[in-house]
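Note sheet for the following structure.
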Amino acid sequence: MYRTVLKDTFPDTMTITLGDAVLTYKKRTWHIDGETKGLRYGENPDQPAALYEMESGKLAIDGVEWRGPQGIMSALTEAQMLQAGKHPGKTNLTDVDNGCNILQYLAERPAAVILKHNNPCGAAWSKESVGDALDNRIAAFGGAVVVNRPLDMQAADLIAANYFEVVAAPDFEEGVLEKLAARKNLRIFKLPALARLGELAGVPFLDVKSMADGGIILQQSFVNRIRSAADFIPAVATTKDGLTVSARKPTPQEADDLVFAWAVEAGVTSNSVIFAHNGATVAIGTGEQDRVGCVELAIFKAYTKYADTLAFTRHGMTLYELKLKAKEDAEAAEQLAAIEADTQKAKGGLAGTVLVSDGFFPFRDGVDVCIAQGVTAIAQPGGSLRDYEVIGAVNEASPQVAMVFTGQRSFKH
Numbered sequence: 084m085y086r087t088v089l090k091d092t093f094p095d096t097m098t099i100t101l102g103d104a105v106l107t108y109k110k111r112t113w114h115i116d117g118e119t120k121g122l123r124y125g126e127n128p129d130q131p132a133a134l135y136e137m138e139s140g141k142l143a144i145d146g147v148e149w150r151g152p153q154g155i156m157s158a159l160t161e162a163q164m165l166q167a168g169k170h171p172g173k174t175n176l177t178d179v180d181n182g183c184n185i186l187q188y189l190a191e192r193p194a195a196v197i198l199k200h201n202n203p204c205g206a207a208w209s210k211e212s213v214g215d216a217l218d219n220r221i222a223a224f225g226g227a228v229v230v231n232r233p234l235d236m237q238a239a240d241l242i243a244a245n246y247f248e249v250v251a252a253p254d255f256e257e258g259v260l261e262k263l264a265a266r267k268n269l270r271i272f273k274l275p276a277l278a279r280l281g282e283l284a285g286v287p288f289l290d291v292k293s294m295a296d297g298g299i300i301l302q303q304s305f306v307n308r309i310r311s312a313a314d315f316i317p318a319v320a321t322t323k324d325g326l327t328v329s330a331r332k333p334t335p336q337e338a339d340d341l342v343f344a345w346a347v348e349a350g351v352t353s354n355s356v357i358f359a360h361n362g363a364t365v366a367i368g369t370g371e372q373d374r375v376g377c378v379e380l381a382i383f384k385a386y387t388k389y390a391d392t393l394a395f396t397r398h399g400m401t402l403y404e405l406k407l408k409a410k411e412d413a414e415a416a417e418q419l420a421a422i423e424a425d426t427q428k429a430k431g432g433l434a435g436t437v438l439v440s441d442g443f444f445p446f447r448d449g450v451d452v453c454i455a456q457g458v459t460a461i462a463q464p465g466g467s468l469r470d471y472e473v474i475g476a477v478n479e480a481s482p483q484v485a486m487v488f489t490g491q492r493s494f495k496h
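For the sequence shown, the positions run 84 to 496 when the working numbering is used.
Rendered as structure tokens:
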């Protein structure tokens with residue numbers, strides 16, 4: 084099933100007419116191994132798919148000019164496909180594209196994001212290098228690594244030592260390609276536009292959603308309004324009795340982490356929350372139907388990964404392997420108990436983190452759960468009828484937890 088490459092029968096061109104605006108597109112194909120190939124397949128191997136690059140056209144609505152051709156992922160050429168591996172399918176490209184979506188808001192520093200199933204499983208930025216950022220967030224088997232600075236040898240060593248499907252960077256430092264080429268199935272993309280994503284951060288693009296009945300929804304893409312700590316709104320609300328309550332302001336470090344986490348939030352499927360610390364994600368909860376459940380999911384993932392890391396570093400096996408061994412081996416059972424105790428003591432690495440939520444907290448329960456894990460600051464849209472209860476929860480915490488509003492929701496469906 085996976086080895087069968089479907090025949091691409093989609094037309095070579097596409098035109099979209101919106102009122103007076105005409106947007107033209109051409110199908111992107113590549114000459115690989117003596118053959119002309121388009122996308123390997125769509126979301127699944129039995130779904131034919133095609134990639135179209137925007138060639139020309141300008142769209143302006145209500146006086147706002149939207150993005151025209153930008154030459155990022157959809158403009159990938161053979162020359163930029165430094166190693167094709169198994170030539171890319173839809174999910175490879177959409178993972179890289181969502182990496183671009185996140186990195187456009189992290190252009191200020193070297194940053195790296197690892198994506199799988201079109202969600203970030205880890206992201207970080209650093210004042211030092213992309214290698215330093217990536218070293219903070221190796222947290223995936225497979226998926227795509229996307230960075231916004233030339234890939235350095237530190238990053239290459241980390242990537243080469245793990246299994247990934249795609250790596251995309253604006254350029255590669257000397258010796259890096261030779262290191263990565265040892266992974267024959269790794270797709271290596273050189274996308275120079277990754278270095279200028281910050282220029283696009285405030286410019287919307289046409290976001291298209293096709294319906295099951297053939298209908299189409301068009302929307303302006305999400306544009307993040309939080310670019311610095313000054314963009315946050317003080318968390319203030321009025322109680323039923325008419326009293327005004329307000330939350331503590333974040334410290335500069337907390338605010339910096341909240342700005343970072345809110346940027347990553349732009350690429351996470353809702354409902355979602357992100358725990359972050361020192362410019363790196365610690366846990367991401369995504370795709371849940373209730374907010375407190377999303378928080379609980381992120382906490383569970385954090386505890387599991389923390390314990391898994393301890394199991395590997397201490398005993399050279401995964402947490403799963405240690406649990407299996409502990410069923411029949413008394414020494415392994417003691418090792419497992421020690422790891423579980425240390426994980427609980429460290430709260431899965433969540434103590435001292437900040438948290439962002441893509442939607443408001445309808446009740447204080449989600450906030451109370453965060454606070455119990457040692458969160459020190461929270462950013463959320465605000466706007467709940469119970470904002471005063473949510474602010475009350477952070478004010479009652481000891482030590483007091485900071486909270487700010489973003490003034491916008493960041494849902495992604």
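Backbone N, C-alpha and C fix where the C-beta goes; we use that ideal spot for every residue, glycine too.
Computed from a predicted structure; not experimentally measured.
Selection from the options that minimises the alpha carbon distance to residue i
i: F498; options: S481, A413, Q483 and V487; result: The shown model of the chain, from 84 to 496, leaves out residue 498, and the question about it has no answer.
i: D339; options: T177, Y108 and L189; result: L189
i: V213; options: A239, C204, L198 and G226; result: A239
i: L283; options: V342, G431 and Q153; result: Q153
i: V452; options: V356, L274, T387 and L134; result: V356
i: P464; options: G225, A366, P482 and V319; result: V319
i: I99; options: Y124, E136 and A132; result: E136
i: P287; options: A295, R270 and R308; result: R308
i: D178; options: E248, E417, D215 and M236; result: E248
i: Q483; options: Y389, V437, R331 and A390; result: R331
i: L277; options: C183, F446, I144 and T392; result: C183
i: V250; options: G168, F305, T322 and W208; result: G168
i: D391; options: S209, S139, K292 and D425; result: D425
i: E211; options: G285, I197 and Q237; result: Q237
i: D215; options: H200, P233 and A227; result: P233
i: A349; options: I454, G225, N201 and T96; result: N201
i: K173; options: N478, S209, V229 and P128; result: P128
i: L419; options: A158, S139, L407 and S304; result: L407
i: R447; options: Y108, V378 and G298; result: V378
Alpha carbon of residue i to alpha carbon of residue j, nearest angstrom
i: D254; j: I382; result: 36 Å
i: V458; j: P94; result: 52 Å
i: G475; j: A344; result: 23 Å
i: V351; j: V365; result: 14 Å
i: I422; j: L186; result: 35 Å
i: I242; j: P335; result: 32 Å
i: D218; j: L269; result: 19 Å
i: I316; j: Q491; result: 10 Å
i: G102; j: A132; result: 27 Å
i: A416; j: T87; result: 46 Å
i: Q130; j: T92; result: 12 Å
i: P275; j: V437; result: 33 Å
i: H114; j: R123; result: 13 Å
i: Q427; j: A206; result: 24 Å
i: F358; j: P333; result: 15 Å
Residue i in three-state terms, based on DSSP
i: N181; result: helix
i: K173; result: helix
i: W36; result: Since the first residue of the chain shown is 84 and the last is 496, residue 36 is not available in this structure.
i: G151; result: coil
i: A318; result: coil
i: G121; result: coil
i: Q491; result: coil
i: I99; result: strand
i: Y85; result: coil
i: I474; result: helix
i: Q463; result: strand
i: L341; result: helix
Buried versus exposed, by CB contacts within 10 Å (16 or more), residue i
i: K384; result: buried
i: G146; result: exposed
i: K273; result: buried
i: L402; result: buried
i: H360; result: buried
i: V450; result: buried
i: A397; result: Here residue 397 is Arg; the residue named in the question, Ala, does not match the sequence. Result: exposed.
i: S440; result: buried
i: M156; result: buried
i: K141; result: exposed
i: D290; result: exposed
i: Y108; result: buried
*Note down, one range per segment and in chain order, each alpha helix (DSSP H) of at least 4 residues found wholly within the segment 349 to 435.*
374 to 398, 402 to 409 and 413 to 428
*Continuous alpha helix (DSSP H) assignments of at least 4 residues falling wholly in the segment 229 to 291*: 236 to 243 and 259 to 263
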